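Engineer: Residue numbers (our numbering): 2 to 502. C-beta atoms are modelled at their ideal positions from N, C-alpha and C, and glycine is treated no differently. Keep in mind it's a predicted model, so treat the numbers as computed, not measured.
(1) Please report the straight-line C-alpha distance between residue 422 and residue 319, rounded to a whole angstrom.
(2) Would you call the CB atoms of residue 440 and residue 460 closer than 8 Å?
(3) Enumerate in chain order the residues of its own chain whose CB-to-CB distance from residue 387 is below 8 Å, with the five nearest sequence positions on each side excluded.
(4) Taking C-beta to C-beta, are residue 374 and residue 380 nearer than 8 Å?
(5) In chain order, what residues of the same chain have a beta carbon less than 7 Å from the beta carbon of residue 244, not counting five sequence neighbours either side?
(6) From this set, 27, 175, 6, 267, which residue's C-alpha is nearest residue 226's C-alpha?
(7) Classify residue 405 as buried or exposed, calling it buried when 16 or more other Cβ atoms lie within 10 Å of its own Cβ.
(8) First and last residue of the alpha helix (DSSP H) that includes residue 285?
(9) Do residue 299 and residue 278 come within 8 Å of each other at the CB atom, strictly closer than that value?
(10) Given that a residue counts as buried once 16 or more other Cβ atoms are within 10 Å of its Cβ, and exposed if not, what is residue 410?
(11) Return the first residue and the last residue of the beta strand (DSSP E) that residue 57 is part of.
(12) Would you kindly report the start and end of the unbroken beta strand (DSSP E) that includes residue 172?
(13) Can you tell me whether DSSP reads residue 426 as helix, strand or coil?
(14) What are the start and end residues of each continuous beta strand (DSSP E) run of 3 or more residues lying completely inside the segment 418 to 501, in chain order?
(15) Assign residue 6 to buried or exposed, taking buried as 16 or more other Cβ atoms, counted over all protein chains shown, within 10 Å of its Cβ.
(16) Keeping to the same chain, check which residues put their C-beta closer than 7 Å to that of residue 365; ignore five residues upstream and five downstream.
(17) The alpha helix (DSSP H) that contains residue 198, what's its start and end?
(18) Since I believe residue 123 is in contact with residue 95 (beta carbons under 8 Å), could you give me their beta-carbon distance rounded to a whole number of angstroms?
(19) Do you know whose CA, among 44, 312, 489, lies nearest residue 303's CA?
(20) Is the segment 282 to 300 in contact with the segment 48 to 66, if contact means three or more CB pairs nearer than 8 Å?
(21) Helix, strand or coil for residue 94? Go by DSSP, reduced to three states.
(22) Among the candidates 332, 382, 384, 337, whose CA atom is the shortest distance from the CA of residue 370?
(23) Which class does residue 314 belong to by DSSP, given the choice of helix, strand or coil?
(24) CB-CB under 6 Å to residue 83, same chain, minus the five flanking residues each way: which ones, in chain order?
(25) Do residue 276 and residue 237 have their beta-carbon atoms positioned less than 8 Å apart in this structure?
(26) DSSP state of residue 357, grouped into three classes?
(27) Helix, strand or coil for residue 231 per DSSP?
(28) So, for residue 79: in the same chain, excluding its five sequence neighbours on each side, which residues have a beta-carbon less than 6 Å away from its beta-carbon?
(29) Could you check the C-alpha separation between residue 327 and residue 262 for me, to the nearest Å?
(30) For the alpha helix (DSSP H) containing residue 151, name the first residue and the last one.
(31) In chain order, which beta strand (DSSP E) runs of at least 3 residues are fully inside the segment 32 to 91?
(32) Return the first residue and the last residue of the beta strand (DSSP E) that residue 277 is part of.
(33) Return the chain-ordered ranges of every beta strand (DSSP E) run that is complete within the segment 314 to 384 and spans a minimum of 3 residues.
Written out as C-alpha cells, the structure is:
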C-alpha cells in the first residue's frame, strides 16, 4: 500500500482535497471508524484523484479481540467511568494499528481525525502524520490552563451542578408505606412503573444538594428510610451518591444485552442495587456479579397476539447507537443497518421502508453531529421512492444539554400503520410488540447477537440482507405464525417468573 488515510465521519469530505499534494503516487487505503457509503466513496475518490480501497474498524478486529479490550481496560483504581472508556479506546486503537501495519505495510501514513473513536496519540506514535481538514464539530479547549484554570473550571463546574440540581424535577411517591423519590425524567420508564408520582417540593432538591456534598466532601450521610431511585440514563445527570445510607436503586431503562463485556455498570457505585424489569433484565447484572433485584413495583407487560398482515405494506427499522463505552460495538454497525435496508428496499418497491435514527446519534461523542444528515444524504442518493428516514426524531440537544429520555409519542407516531419492525437490540422492538406489531432482530455486523435473550425465546433473527428478505416474504405463512406465537407465549411466561439475587 502506498498511502493510508485515517478518517471519521466528522471530516467534511470535500476538504480531503487538501491531501492531494501529500499523497504519493499509487494506491490509497481509507481507514475509517464508520462504514463509508457508496456516495461518500464517489466523493473521496474524486477529491483525491484515486480509486481508493476502504476498510473500517469493524473489519480489523475479531469479536474476541474487542472483548479483550473491554476486559483488559478495566481498572478499579479509575476514579471515573470516562477513564475506563478512554482506556478501552486506547487498547482498541492499539490493536487496530497493529493489524493495519501487519496487513497493509506503508510509509506514507496520514491521520486526518482525532474524534469518534480515534485515539490520535496511538496513531501518531506509530508514524501517522496529523493533517487538518475541515470538520463538522471541533471541541473548543478552555483558554485557562494550569492550576488556576483547573480551579476555575472546577468552581464553574460545581456551580453548574448546583444550578442543575435546583432546576431539575424530583418526583415523590410511597410504596408499601415507604417514601420513594425519583430523580429525573420518567419518559423512558414510567410506563413500566406501577406507581403514582407527584412532583416533590424544591425542599427535596435542597436536601439532596446538602446530602450530595456531605457524602462527597465528608463521606457522611445519616441513615434514613427514604428510597432514592433513578434510571441508568437519568443518573448521567443526577449522579446519585454511592453511599449505603442513601438507599440508591438504579433502574434498567432499556434493553440490556446479556453478553455486553463492558464493565461500565461497576462505575454506578458498589453500594447501588440495580432494578431490572424481568428475568431477562437480570442477566446482565448476573453476568457482571452485581447486586440486583426485579423491581418490586413493576408493571408486568405481556405481549399480545400480533397482527399478522396478509401482505406487508410498511416496515420500520429502529436504530441503536455506538460510542466508546465498549469495544465490541463499532460506529459502523449502524451504517451497516442503513446500508442493508437500502438493499432490501430495492427488492420490495411495493413496500414503504422507514428508518428511524436514534436521537443521540448526533452527540459529538456518539455517532457524530453529522450522522443523521449523512444518513439522509445516502438514502437520497439511492433514489428509492419507497425508502426514507423518519421525520419524528426528537432533538437530542436541548439548551446545550443532551437529553437521554424522550417522550414516547415520537416513536408511537412512527408505528402508525407499520406491519413489521426491525432493529438490532432496541427496546423499541418490544414496544412495537406491545402494540400488536410483529418485530424481528437484525444484526448484519458479524459481531455477537446483543438481542440474544429474546432470540432464544423464538423470535425471528436476521444476519444478512437475504435473511431480512426471507422474513418479509414469510410473515403470512402458517409456520411463521405458529413459531411467532410460541415465542410470544415464551416471553409472557418469562415475564411472570421471579428472580432472586
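Structural biologist: Based on what the coordinates show:
(1) Between the C-alpha atoms of residue 422 and residue 319 there is a straight-line separation of about 7 Å.
(2) Between residue 440 and residue 460, the CB-CB gap stays under 8 Å.
(3) Answer for residue 387: 346, 349, 350, 351, 352, 353, 354, listed in chain order.
(4) no
(5) 216, 222, 272
(6) 175
(7) Reliability fails at residue 405, whose pLDDT of 46 lies under 50, so the model's placement of it is uncertain and the value that follows must be treated cautiously. Looking at its Cβ environment, which holds 16 or more other Cβ atoms inside 10 Å, residue 405 is buried.
(8) 280 to 288
(9) yes
(10) Residue confidence is low: residue 410 scores 49 on pLDDT, short of 50, so the model does not pin down where it sits. No coordinate-derived value is stated.
(11) Taken as a continuous stretch (DSSP letters only), the beta strand (DSSP E) holding residue 57 covers 54 to 57.
(12) Its beta strand (DSSP E) spans residues 171 to 176.
(13) Per DSSP, reduced to three states, the secondary structure at residue 426 is coil, with no helix or strand assignment.
(14) You should have 421 to 424, 439 to 443.
(15) So residue 6 ends up on the buried side.
(16) 138
(17) Per DSSP, residue 198 lies in no alpha helix (DSSP H) segment and is marked neither H nor E.
(18) Under the criterion of beta carbons closer than 8 Å, residue 95 and residue 123 qualify as touching, at roughly 5 Å.
(19) 489
(20) no
(21) helix
(22) 332
(23) Here residue 314 sits in coil by DSSP.
(24) none
(25) no
(26) strand
(27) strand
(28) These residues qualify, in order along the chain: 85.
(29) 7 Å
(30) 147 to 168
(31) 54 to 57
(32) 274 to 277
(33) 315 to 319, 353 to 357
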